[in-house]
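Quick note: the sequence shown, position 674, residue 785 per the working numbering, numbers continuous.
Glycine included, every Cβ here is placed at the ideal spot set by N, Cα and C.
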Amino acid sequence: MAPLGEDTPLIEQRSYSLSSSEAGSLQVLLCPRSPGSPQVLTFFFGEYSAEELCVQAAKACGILPVCHALFALTTEDLSCWFPPNHIFTVEDATSQILLYRIRFFFPNWLGLEKCYRFGLQKDRANAILDFPVLEYLFAQSRNDFISGRMNLTLNLKEQGECLSLAVLDLTRMDKEQGLRPGQTLRAFSSLSYKACIPASFRRLIQSLSFMTRKRYRQMVRRALQRVASCQADVHFIMLKYLMDLERLKPTRASETFEGQAPGAAAGQDPNCLIHVAGDSGISLDPGGQAGEGDRGGVIRYIGGEPGENREVEFPTLREALSFVSLVDGYYRLTTDAHHYFCKEVAPPQLLENIENQCHGPITSEFAVNKLKMEGSAPGSYVLRQSPQDFNNFLLTVCIQTPLGPDYKGCLIHRDLSGNFFLSGLSQPHSSLRQLLVSSWGCELLADGTALSLSSCCPPRPKEKSNLIIVRRDCSQLPPSPAQAWPQSQRQLSQMMFHKIPADSLEWHENLGHGTFTKIYRGSRLDKVERETHKVEVLLKVMDGTHQNCIESFLEAASIMSQVSHQHLVLLHGVCMAGDSIMVQEFVRWGALDTHLRKCGPLVPASWKLQVAKQLSYALNYLEDKGIIHGNISSKKVLLARKGAGGSPPFIKLSDPGVSPTVLTKEMLTDRIPWVAPEYLWDTKLLSLESDKWSFGATLWEIFSGGTMPISTLEPAKKLQFYKEKQQLPALKWTELATLIGQCMEYTPHLRPSFRAIIRDLNSLITSDYELLSDLSPSAMAARDGLWSSTHQMAGQDPTLFEERHLKYISLLGKGNFGSVELCRYDPLGDNTGALVAVKQLQNSGPQQLRDFQREVQILKALHSDFIVKYRGVCYGPGEPRWERGAQDEGAVMGVRIGVRRDLWLVSLSSFKNQAIGAQNLGKDYRISEVSRSSRFIGDKTQYAPESLSDNIFSRESDVWSFGVVLYELYTYSDKTHSPSEEFFRMMACDHSMPILCHLLELLTEGRRLPAPPGCPEEVQEIMRSCWASNPKDRPSFCALSPRLDALWAGRRG
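Set out below in C-alpha cells:
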C-alpha cells in the first residue's frame, strides 16, 4: 500500500459514484468506521420500507435496537429525511442512493450530567450512546467536518480548533493501529494532518507561504507528541473529538424547514423558518426566506398543548412528512416511546407492537418492575422486543413459588421467512398474535420451569423506561399514569376555592335541576373602588336534603377552581351562606344534548367532529394532570358558541358534580352506558381509563343526535348489557365506529390515551373523504368562512391586546402601582377567550411608563414554569396594562422551591427583583413580576439594609428578600405576625425618628424577625443566613438549591 500523502483522503475511494449507481438497485451508504465494516448495502427489485432498510443497516453496523430510534434515512445532500413508513420501490430502470445517519441529537448527550436514559434509580441511569453508536456518531461527524458540510468562517479561533481536531484524529488512528508513542512521529512523516481538516482550510493553508506551512506542521507535530503520550483509549479520544466539535459548531444538531403561514395579514411576510432541536424544541422564525417552488398545499400543525396550534404550509408533501417525522421521533424519545402523531409517519414496527400489546426493547428490570406495579399476578406477562437482537422477542412472565413471586423469561425467535418460534410450542406461527393466542392454556418452559400465560401487561401512555431520554435543562419528565394520579389527587383534594359573599349575588330564573342540585341563572357584583362590575353566572345550589354529599360537592368545586383550560367551565368560587352554592360562568347555549335534539339532522358531521375534538382536548388536559372527571356525557358538555355564520362551535366541559364514589348502585346503574363497567362492579376501580369509556359513549351519543336509547331501558336490562359485554350499535362511519369501540373496551388498560384519541379524531377531520353527504353548499361556505376567520386571527400581533376585548371577571388584588384583575380576553365576544391576569398602571408619567416598559421586557426574557407567563400589553385611553397567564393552585413547599429556583434564574439573567414578597406570588406560587423601579414605594420590610440606606439592589439583596418570603410562608401570611407588625413591636412607641430610619437602625443593630411558630430549625438557619449584614456573607441561590432540595425531600419522605 502506498504511503498516505497530503492530498490523500482518509476515506478510501468507493467503487461506485455518488451521483450515479447501478440501474435497478437501491444503495444505502454507511459511514465507514473501520476497514472491515461495510460501506454500502445494495437492495434489488422490490419494495422496502425506510424502517426495514434502517434495521438492515443497524445490523451491519452493530447498532442495538435500543439506539435504533436515533437513526433515519436521508438523501445524499441531506435535503430531505424519510419517515420510517416511507416505501422505496426498486425497479429495473431506476437507481437510488440513501444515507444512513443519526438524525436525533440531544445537548451534552456524551455524558450523564445533562442527558441520560431513564433508570429506575437515579444512580443507575445509563448513557444515551453505547460504543457502536459512539463510533458511528464519530464517523458521521468526522465525515461532515472534513467534507465541508459544517459551514466554518475559518477565523483564527476556528483554525486553532480545526488543528486540535486533526491532532485528536491522528492520535485516534495511531491508537487503532496499535502504535506506541515512539512510533507516532514516524507515522506522522507519512501521513499529513491536512487530510484531517476541512477542504476549505486545506486550500487556505496551501495558499500560504512555505515557512508558514512549515510552522503549522511543526505545531501539529509538537501537539501530537504531547497527546500521544497519554494513556486514553480510542473511545475516550472519540468522545473528546465530538465534544470539541460540538463546541466548535453547537447549532449543527438542529434542523431548519422553510414554510409559509397561510392567511397572513396584508403587508406581513408569510415566509417563516421552523427550527427543531432536541433541547429547544420547535421555534418559529417569522420572515425567513422560503423556497420559490410550487407549494404542495400541505398543512401541518405545530404547537404546545392540543388546541393551541399554528398553521404552517410546506412547499411539498415530502418536506411536511420530514418535519412531522422529526417531531414525532423526538416525542417518542423524550415523552412516550409508544406514541405516534399520525399514521402518515408511524413506524410499521410500532403499529405492529401496539396491535400485539408489545413493548419496545425495554430491559428486563423495567419488565419485572411493570409486573410488580400491576400486582405480580401469576401468569401475567410482558411482551417486549429484545434489546440485543432485532429478530427476537422476549416474554417476561410472573410465576408463583413457595418463596413468593418470581419472574422467568422466554425467547421468541423470528426466522428469515417471518415465522415465530417459542419453546414449548411445536409449530411455528406466521404472526406474533397467532403465537400468543396458541400459548394461552399451554404449558411453556423457561429455565426448566413450567409456566402458563394468563394476562398481558401492555404499554401505558407516557410510561417510563430505558427508551426515554431525560434532559435536565428541559421540562420535567412526565410521570407515569400509575404514579401520577395518587399524588395529583392528594394535591387537588385540599379544599381550595374562592369564597364569595352572598350579598354579591343576584338571583334570576331557575334553569332546572340536577341529581343533587338546583340550577339558577344569576349575576355576580364586584365592586372595585368606585366601579361596580356585573358578571352573568350560573348558580348551582346543593340540595340541603343530601347532607352526605356536601363534602363531595365541595371537592368538585375545589378541583375545578384549581384547573384552567379554555374548554373547561370557569368556577368563580363557592358561596357558603346557608346552602352550598357553586358559582360558575354562565354558558349561553346550554347542554349539548339539548341542542342536538333540537336541531336534529341540520347538524353536519364536521360540526360534531369539531365538538368531539374540543372535548378530547379538555379531557387530555385533565389526564395530564392526573384528574378523573367521572361524569362525562353530552349533558355535561355546554355550548358556548353554536358555530353559525362561518365560525366553529365552542364547548366547555362542566364540573363533575358529586363524585360517583358516593352514589348508590341504583344511581350508577341509571348512568349506563356512560359509567365504566369496571367501576359499576367495584367502586375502587375508578381511574383515568373510566373517563375514556365515558368519552366513547358520549361520542356515540353526539353522532346519534343526542339520544341514547339504552338509557331508557329498565335497570335489569342495563346491567345485562354490561354482564354480556355488549357494545353500542356501530355507526356507519367505519373509522369513527372503530375509535368508539376502542374507547369502550371492557378491559380498561386497552383503552387509548386521550392524546391518541385526539390523533385519530384529527385524521378523521382532515380526511379526504370527509362525509361529503353532510357538506351542503351552505356548509361548504361555512367551512371556508372558518378558515378565513382563522387566518385573520393568525395575522394579528399576539402580544398586542385591545382594551375593548377585555372582559372583567374579578379583582385579584392591588399593588402599589395599580390593581390586578382577572379578565377574559374575548375578541370574538362570545365568552370563549383566554383567561388573563391584567395589571393596570396608575398615575403614570414618562418615568413610570419607561419603568413599566422595562418590566415588560424583563418578563418577556424570563421563561420558567414558576414565573408568570407574559401574554401581551394593552394601551388603552387610560393607563397602560399588561396581560399575564392565569394560574392554578399549588402546595406550600412548592412555593419555597419554586421561588428559590426562579430567583436563581433571575440572578443568572443579571436582573434584580426589587419586589420579592408573598404578595408577588401567584396562587400556584409563581413569581408574578419584577418591580418596575428601585424607588422606595411599598413594604420596606422586604428590603435589605443596603437597599434602604443606599438604594443598592443586587442579587444579594434578592437573597435577603427571599429570606423574608420564607418567614411569611411559615407564618401563613398572618397579619398579626407580618414583618411590618413585628418591626413595629421592636420600635415600641418611639417616634423620635422617621419609620424608615428606625427600621434601618434596627437592622444595623442586628435585630431580625423572630422565628415563626412551628418553623423547622433548618429553615430558621436558612433565614438567618439570608439576613447576614454583610451582603458577601449571604448564600447564593445556587448554594441554597441543594439545601432546600434536601429539606423538601426530608419533609416529603
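A Cβ-Cβ separation of about 6 Å places residue 136 in contact with residue 201 under the 8 Å criterion.
By the C-beta density criterion, residue 785 is buried, having at least 16 other C-beta atoms within 10 angstroms.
The criterion of a C-beta distance shorter than 8 Å is satisfied by residue 310 and residue 259. Following the DSSP letters along the chain, one finds residue 164 inside the alpha helix (DSSP H) bounded by residues 161-172. Of the residues 1083, 971, 1067, 268, the one whose Cα lies closest to the Cα of residue 1146 is 1067. For residue 515, the enclosing beta strand (DSSP E) begins and ends at 515-525. Contact between residue 608 and residue 672 holds: CB atoms are separated by about 4 Å, below the 8 Å threshold. A Cβ-Cβ contact shorter than 8 Å links residue 1093 with residue 1121. With fewer than three CB-CB distances shorter than 8 Å, the stretch 731-744 does not count as touching the stretch 645-665. In the structure shown, the three-state DSSP call for residue 844 is coil. Per DSSP, reduced to three states, the secondary structure at residue 934 is strand.
In the DSSP assignment, residue 560 falls within the beta strand (DSSP E) that extends over 560-562. Put simply, the backbone Cα of residue 544 is about 22 Å away from that of residue 160. Secondary structure at residue 951: strand, using DSSP grouped into helix, strand and coil.
With respect to residue 734, residue 865 sits close: the two C-beta atoms are nearer than 8 Å. The bridge partners DSSP lists for residue 237 are 228. In chain order, 686, 688 place their CB closer than 8 Å to the CB of residue 612, counting only its own chain and leaving out the 5 sequence neighbours on each side.
Taking each of 871, 226, 639, 239 in turn and checking the Cα distance to residue 583, the smallest one comes out for 226.
Taking all protein chains shown into account, residue 1125 has fewer than 16 neighbouring C-beta atoms within 10 Å of its C-beta and is therefore exposed.
Within the same chain, Cβ atoms closer than 8 Å to the Cβ of residue 165 are found at 179, 182, 183, 184, 195, 211, the five residues on either side in sequence being excluded. For residue 478, the enclosing alpha helix (DSSP H) covers residues 475-484. According to DSSP, residue pairing for residue 209 in a beta bridge involves 139.
Contact between the stretch 423-431 and the stretch 250-258 is absent: fewer than three C-beta pairs spanning the two stretches fall below 8 Å. DSSP places residue 618 in the strand class (E or B) of the three-state scheme.
Each residue's CA atom was taken as its position, placing residue 397 and residue 663 some 49 Å apart. The C-beta separation of residue 339 from residue 280 comes to about 13 Å, leaving the pair out of contact by the 8 Å criterion.
Across the set 230, 305, 312, 219, the C-alpha of 312 shows the shortest separation from the C-alpha of residue 263. As the crow flies, the alpha-carbon of residue 366 is around 36 Å from that of residue 847. The continuous stretches of beta strand (DSSP E) do not include residue 659, and DSSP gives it neither H nor E.
Taken through DSSP and simplified to helix, strand or coil, residue 192 comes out as strand. Comparing alpha carbon positions, the residue from 333, 1051, 845 closest to residue 1107 is 1051.
When Cβ pairs closer than 8 Å are counted between the two stretches, the stretch 479-496 is seen to touch the stretch 508-516, the count reaching three or more. Checking the DSSP bridge columns, you'll see residue 610 partnered with 685. Counted as a single uninterrupted DSSP element, the alpha helix (DSSP H) harbouring residue 243 occupies residues 242-258. For residue 841, the closest alpha carbon among the candidates 835, 824, 814 is that of 814.
Collapsing the DSSP output to three states places residue 766 in coil.
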